[in-house]
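Following: one structure in structure tokens, then a few remarks.
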Amino acid sequence: MAELDYPVKRPDTCAPLQISIGNVPLSLFIREETLLGPALRRYREFAQNSANGFPVHLNEPETRTKMGEFSYLLDDAKLILGSRGAKFYGVRHEYALDSLLRILLTMVLLPQRGFLLHGATVVRDGRAYIFFGRSGAGKSTVASLSPEGSVLTDEISLLRYSDGCWQAHGTPFWGEFRAAGINRLFPIAGLYLLKQANDDRAESLSLKEALRALLPCVLFFTAEKRAHETLLQTLMGLTEEIPCHRLHFRRHAEFWKVIAA
Amino acid sequence: MKGYIVRNPKLAWREVDGEMVIISPEDSQVHELNETASLIWKHADGRSLEEIAERISTEYEVSLEAARADIGELVAALEQKQLVFVATEVKG
Numbered sequence: 000m001a002e003l004d005y006p007v008k009r010p011d012t013c014a015p016l017q018i019s020i021g022n023v024p025l026s027l028f029i030r031e032e033t034l035l036g037p038a039l040r041r042y043r044e045f046a047q048n049s050a051n052g053f054p055v056h057l058n059e060p061e062t063r064t065k066m067g068e069f070s071y072l073l074d075d076a077k078l079i080l081g082s083r084g085a086k087f088y089g090v091r092h093e094y095a096l097d098s099l100l101r102i103l104l105t106m107v108l109l110p111q112r113g114f115l116l117h118g119a120t121v122v123r124d125g126r127a128y129i130f131f132g133r134s135g136a137g138k139s140t141v142a143s144l145s146p147e148g149s150v151l152t153d154e155i156s157l158l159r160y161s162d163g164c165w166q167a168h169g170t171p172f173w174g175e176f177r178a179a180g181i182n183r184l185f186p187i188a189g190l191y192l193l194k195q196a197n198d199d200r201a202e203s204l205s206l207k208e209a210l211r212a213l214l215p216c217v218l219f220f221t222a223e224k225r226a227h228e229t230l231l232q233t234l235m236g237l238t239e240e241i242p243c244h245r246l247h248f249r250r251h252a253e254f255w256k257v258i259a260a
Numbered sequence: 000m001k002g003y004i005v006r007n008p009k010l011a012w013r014e015v016d017g018e019m020v021i022i023s024p025e026d027s028q029v030h031e032l033n034e035t036a037s038l039i040w041k042h043a044d045g046r047s048l049e050e051i052a053e054r055i056s057t058e059y060e061v062s063l064e065a066a067r068a069d070i071g072e073l074v075a076a077l078e079q080k081q082l083v084f085v086a087t088e089v090k091g
């Protein structure tokens, strides 16, 4: 019997878990029950039926990386991203899935003027306030000092330009709160770089200072020059439209008075 | 002033308020240049250092000697950070 030049494609009987994060529809093809159950729970707030979800196949037989595909290795797990879909390999638990989804989103959002930022997003009077900073800056503290239901995320914020303005989207990526997230979006009112201090005050940042503050807090996983240029362009667009401050705060809810002023 | 200067082609950069913000994609390191260094960077497309010195001399109304001295220091710093390369002759 002659060997086939290519593998025969069997019909995909695995029904995808369809979700949408930051208005990016994804179809997650998860065959393992041990992963599917936790994923259903983890992303339940982000479930959304869409016929055009970007396909993401988990733990299927590995194929060779093709020219032009992006690949990223994270411990034992691996992401391969092509123009028609993504493949995740070596995903043993929901946390690995979550990490690879973050990486995937950074790549998919980039050409759509969107990105992920180490930041908490809190909604007040219908507008989103982004409090950003590296680990230990106080993101979870800000979230804990904010009214219940007003926090879109305490860990990873999703910012995206759409419908003529910059908007913050809820994400399922949480830190200490371990919440399921809220899948809603709100126009961004301001960006606040967190700095723990002995007083509460907001210091306005210039465009360059804002860029310098934001860049280390953006989740970014590619070493490609063009991607970095796109990111710079996106951040410049953001900082030209949205005021950016350094927020000196005392880990106390009083900081809202400074922001309201 | 001898030599020709060219930007490191691996770097991503954008001009913000007349000054350059440069990222090295390989290690995500961010570099910011002051106004004069930004001017050098903008013209670092294979031009001679002498040509850039003349431009700075005109733009900032300083003597050519002073411009050369400034450029010498700044170019050495940029070169040390591998933001630019300086060649003694233009190839190609």
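Protein sequence lines, in the order shown, are assigned to chains A and B. Under numbering that gives the first Met the number 0, the first residue of the first sequence is numbered 0, with each subsequent residue one higher. Under numbering that gives the first Met the number 0, the first residue of the second sequence is numbered 0, with each subsequent residue one higher. C-beta: ideal position from N, C-alpha, C; glycine also. Being a predicted model, the structure only gives us computed values, none of them experimental.
Close Cβ partners of residue i (< 7 Å) along its chain, the five nearest in sequence each way excluded
| i | result |
| --- | --- |
| Phe69/A | Leu80, Met106 and Thr221 |
| Ile181/A | Glu44, Leu151 and Gly169 |
| Asp153/A | Ala119, Lys138, Ser139, Ala142, Trp173, Gly174, Glu175 and Phe176 |
| Ser49/A | Gln17, Ser19 and Pro24 |
| Ala34/B | Residue identity check: residue 34/B is Glu in the sequence provided, not Ala. Excluding positions up to five away in sequence, the list reads Gly17 and Glu18. |
| Phe219/A | Thr105 and Leu230 |
| Asn51/A | Pro24 |
| Gln81/B | Asn7 |
| Glu31/A | Asn58 |
| Pro171/A | Ile20, Arg41, Tyr42, Glu44, Phe45, Ala179 and Gly180 |
Same chain only: Cβ atoms within 6 Å of residue i, ignoring 5 sequence neighbours per side
| i | result |
| --- | --- |
| Tyr128/A | Val121, Ala188 and Gly189 |
| Tyr160/A | Arg112 |
| Leu213/A | Leu234 |
| Tyr191/A | Phe130, His244 and Leu246 |
| Lys194/A | Arg245 and His247 |
Close beta carbons around residue i, own chain, < 8 Å, minus the five adjacent residues each side
| i | result |
| --- | --- |
| Val7/A | Any reading at Val7/A must be qualified, since the residue scores a pLDDT of 46, below 50, and its modelled position is unreliable; the value itself is stated next. So the list is empty, once near-sequence residues are dropped. |
| Tyr3/B | Gly45, Arg46, Ser47, Leu48, Val85, Ala86, Thr87, Glu88 and Val89 |
| Glu2/A | Caution is warranted here: a pLDDT of 44 is assigned to Glu2/A, below 50, making its placement in the model unreliable, and the coordinate value is therefore given only provisionally. So the list is empty, once near-sequence residues are dropped. |
| His56/A | Phe28, Gly84, Ala85, Lys86 and Phe87 |
| Thr64/A | Ser70 and Ile79 |
| Val257/A | Asp199, Arg200, Ala201, Leu246 and Phe248 |
| Glu31/B | Glu18, Met19, Val20 and Ile21 |
| Thr33/A | none |
| Pro242/A | Gly189, Leu190 and Ser203 |
Buried versus exposed call for residue i [16 or more other C-beta atoms within 10 Å across all chains shown]
| i | result |
| --- | --- |
| Ser37/B | buried |
| Tyr59/B | exposed |
| Ser82/A | exposed |
| Ala76/B | exposed |
| Gln166/A | buried |
| Leu264/A | The shown model of chain A, from 0 to 260, leaves out residue 264/A, and the question about it has no answer. |
| Ala259/A | exposed |
| Gly236/A | exposed |
| Gly67/A | exposed |
| Ser156/A | buried |
| Pro60/A | exposed |
| Ser203/A | exposed |
| Gly135/A | exposed |
| Pro146/A | exposed |
| Ala76/A | buried |
| Arg245/A | buried |
| Arg52/B | One point to set straight first is that residue 52/B is Ala, not Arg, in the sequence displayed. Counting Cβ neighbours within 10 Å, Ala52/B comes out buried, since at least 16 surround it. |
| Arg9/A | Per-residue confidence for Arg9/A stands at a pLDDT of 48, beneath the threshold of 50, marking its modelled position as unreliable; no derived number is given. |
Supposed close pair residue i, residue j - CB separation, criterion 8 Å
| i | j | result |
| --- | --- | --- |
| Val15/B | Leu210/A | 6 Å |
| Glu240/A | Leu206/A | Actually they are not in contact, since the Cβ atoms of Glu240/A and Leu206/A sit about 11 Å apart, beyond 8 Å. |
| Arg101/A | Leu115/A | 6 Å |
| Arg133/A | Pro186/A | With 8 Å as the limit, Arg133/A and Pro186/A do not qualify as a contact, their Cβ atoms being about 26 Å apart. |
| Gly163/A | Leu108/A | Rounded, the Cβ-Cβ distance is 18 Å, inconsistent with contact. |
| Pro110/A | Gly84/A | Incorrect: roughly 16 Å between the Cβ atoms, too far for contact. |
| Ser149/A | Arg126/A | With a Cβ gap of about 11 Å, Ser149/A and Arg126/A do not count as contacting. |
heavy atom of the ligand SAM below 7 Å from residue i C-beta
| i | result |
| --- | --- |
| Thr238/A | Absent from the structure shown: the ligand SAM. Ligands present: none. |
Exercise. Is the stretch 186-206 of chain A touching the stretch 78-92 of chain A, taking contact as three or more C-beta pairs under 8 Å?
Worked result: Result no; under three Cβ-Cβ pairs closer than 8 Å.
Exercise. Should the stretch 15-30 of chain B be regarded as contacting the stretch 49-68 of chain B, the criterion being three or more beta carbon pairs within less than 8 Å?
Worked result: Not touching, per the Cβ criterion.
For this session: Check whether the stretch 224-241 of chain A touches the stretch 5-14 of chain B, taking contact to mean three or more Cβ pairs, one atom from each stretch, closer than 8 Å.
Result: Touching, yes, given that three or more Cβ pairs across the two stretches are closer than 8 Å.
Exercise. Got a sec: which bits of the stretch 17-43 of chain B sit with their beta carbon under 8 Å from any beta carbon on chain A, in order along the chain?
Worked result: Answer in chain order: Glu18, Val20, Ile22, Pro24, Glu25, Ser27, Val29 and Glu31.
Exercise. Should the stretch 22-41 of chain B be regarded as contacting the stretch 245-254 of chain A, the criterion being three or more beta carbon pairs within less than 8 Å?
Worked result: As far as the Cβ criterion goes, the stretch 22-41 of chain B does not touch the stretch 245-254 of chain A, which means the pair count is below three.
For this session: Say whether the stretch 229-243 of chain A touches the stretch 0-8 of chain B, bearing in mind that this needs 3 or more beta-carbon pairs closer than 8 Å, one atom from each stretch.
Result: With the cut-off at 8 Å, the stretch 229-243 of chain A and the stretch 0-8 of chain B do not touch.
Problem set entry | Members of the stretch 221-232 of chain A that neighbour chain B once the beta carbon cut-off is set at 9 Å | Within the stretch 221-232 of chain A, the qualifying residues are Thr221, Ala222, Glu223, Lys224, Arg225, Ala226, His227, Glu228, Thr229, Leu230, Leu231 and Gln232.
For this session: Evaluate the contact criterion for the stretch 25-45 of chain A versus the stretch 92-101 of chain A: three or more CB pairs, one atom per stretch, below 8 Å.
Result: In short, these stretches touch, since the Cβ pair count reaches three.
Problem set entry | Contact residues within the stretch 203-220 of chain A, judged by C-beta distance below 8 Å to chain B | Residues passing the 8 Å Cβ filter: Ser205, Leu206, Lys207, Leu210, Arg211, Leu214, Pro215 and Phe219.
Problem set entry | Where the stretch 67-86 of chain B meets chain A: residues whose CB sits under 7 Å from a CB there | None of the residues of the stretch 67-86 of chain B has a beta carbon lying less than 7 Å from any beta carbon of chain A.
For this session: With 8 Å as the C-beta to C-beta threshold (strictly closer), list the residues of the stretch 231-251 of chain A near chain B in chain order.
Result: For chain B, the residues of the stretch 231-251 of chain A that bring a beta carbon within less than 8 Å of one of its beta carbons are Leu231, Gln232 and Met235, in chain order.
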